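Worksheet: the structure to be examined is printed underneath.
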């Protein structure tokens with residue numbers, strides 16, 4: 582039951598979000614998100630958080646980012662959670678994402694600090710903290726406590742331990758006593774701007790923290806070539822269905838789930854009547870009627886559960902493969918909700934187009 586509810590939650594959230602898919606790895610993001618859903622259904626919140634974060638890194642989306650934040654909070658991973666909080670500042674957040682960001686801040690802000698490496702003017706260096714790479718000038722989030730820092734410049738290496746307090750920035754400088762000569766070639770200086778360009782597209786997750794230099798290297802040429810290829814690439818990415826189809830599918834899934842729950846409650850009530858009348862040991866017309874209606878209600882409940890699951894899967898597949906999330910429909914809103922009253926029921930669809 583828990584896995585079904587969790588799958589429904591993340592699926593419904595994904596269905597109601599709009600994400601720009603231009604110039605991103607859509608297939609990779611979709612696969613990572615699916616892995617995250619499966620991991621979360623197996624109660625593996627840590628793996629789910631990493632997969633959702635990877636999906637957001639490959640194709641930035643407030644849906645994947647919120648799922649990653651919520652899973653990181655459940656997994657109690659302050660480092661990944663804090664990195665995702667920083668990533669959320671890349672653009673204005675919708676209310677749902679903002680709520681998850683604030684929750685992560687309250688849970689993790691005092692449990693992490695940052696370590697930043699400074700090579701010194703005219704020097705080139707790199708380093709690690711507890712084995713994780715340190716990019717000069719780019720703070721790396723770590724848990725509070727003691728950490729092993731190793732620095733390297735040319736053939737010279739230095740090692741030391743630093744203590745990081747909550748919400749503290751610890752600056753590590755290459756020792757001047759090392760007597761290292763300054764880097765003469767000019768091409769070495771562009772190494773400084775590279776980390777500055779990396780934080781925008783990649784929020785350095787622990788599993789993917791090694792690729793920042795290549796990401797920075799690719800972003801520079803891409804900025805020159807972007808104006809020409811961008812218009813042609815936008816057209817082929819268009820999908821045939823509008824986002825409203827996904828909203829309708831999500832609403833139908835919710836309605837089917839509500840009917841299944843109501844049917845399950847009815848089954849429970851009939852079973853209670855069957856037991857209270859002692860029908861297990863007594864044969865009567867009333868008991869026979871209760872047994873028959875109870876079996877019918879149980880069959881109806883199972884059918885509705887199957888319909889709910891089928892709608893969720895079909896809607897998710899349509900959302901990822903046939904719906905154009907980058908179309909000019911940002912101003913459209915639609916609401917699908919069940920309606921009811923004495924002796925009547927139905928579904929109400931309303932929206933602005």
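In our numbering, the protein residues as written are 582 to 934.
By construction, the Cβ of each residue, glycine as well, lies at the ideal position given by its N, Cα and C atoms.
The model shown is predicted, which means the values in this text are computed figures rather than measured ones.
| Asked | Found |
| --- | --- |
| Coarse secondary structure for residue 630, derived from DSSP in three states | helix |
| Exposure of residue 997, with buried meaning 16 or more beta-carbon neighbours within 10 Å | Not covered by the structure: residue 997. The range shown for the chain is 582 to 934. |
| Between the CA atoms of residue 662 and residue 824 - distance to the nearest angstrom | 30 Å |
| Residue environment, residue 728, which counts as buried when at least 16 other CB atoms sit within 10 Å | buried |
| Residues sharing a beta bridge with residue 722, DSSP | 695 |
| With 16 other Cβ atoms within 10 Å as the buried cut-off, status of residue 632 | buried |
| Residue 691 versus residue 897: straight-line alpha-carbon distance, rounded | 38 Å |
| Segments of 4+ residues assigned as alpha helix (DSSP H) that fall wholly inside the segment 629–681 | 643–656, 659–668 |
| Check whether residue 650 and residue 685 have beta carbons under 8 Å apart | yes |
| 7 Å Cβ shell around residue 889 - same chain, five flanking residues per side excluded | 834, 837, 838, 841 |
| Residue 670 to residue 723 span [Cα, whole Å] | 19 Å |
| Reduced DSSP secondary structure (H/G/I, E/B, other) of residue 910 | Here the model assigns residue 910 a pLDDT of 48, short of 50, so the residue's position is not dependable and the matter cannot be decided. |
| Within 8 Å, strictly: CB atoms of residue 559 and residue 621 | Shown here, the chain extends from 582 to 934; a query on residue 559 therefore has no answer. |
| Whole-angstrom distance between residue 846 and residue 859, CA atom to CA atom | 20 Å |
| Beta-bridge pairing of residue 735 - partner residues as DSSP gives them | BP columns for residue 735 are empty, so no partner. |
| Reduced DSSP secondary structure (H/G/I, E/B, other) of residue 893 | helix |
| Where residue 746 sits in the DSSP three-state scheme | coil |
| Anticipated Cβ contact below 8 Å, residue 643 with residue 678, distance rounded | 5 Å |
| Neighbourhood of residue 689 by C-beta distance below 7 Å, restricted to the same chain and skipping five residues each side | 659, 662, 663 |
| Terminal residues of the alpha helix (DSSP H) in which residue 838 lies | 824–857 |
| Neighbour-count burial assignment, residue 809, 16 or more Cβ in a 10 Å radius | Low local confidence applies: a pLDDT of 42 at residue 809 is under 50, so the model's placement there is unreliable, and no value is given. |
| Length of the line joining the Cα atoms of residue 733 and residue 725 | 24 Å |
| Sequence-distant residues of the same chain with beta carbon closer than 8 Å to residue 608, five excluded per side | none |
| Cutoff 7 Å; reference residue 749; Cβ partners in own chain excluding five residues on either side | 694 |
| 8 Å contact criterion, which residue 636 and residue 610 should meet: CB distance rounded | 4 Å |
| Endpoints, alpha helix (DSSP H) assigned at residue 617 | 607–622 |
| Assigned exposure category for residue 682 - 16 Cβ within 10 Å defines buried | buried |
| Cβ-Cβ separation, residue 903 to residue 942 (assumed contact under 8 Å), whole Å | Because the chain in this structure spans residues 582 to 934, residue 942 falls outside the shown range and cannot be described. |
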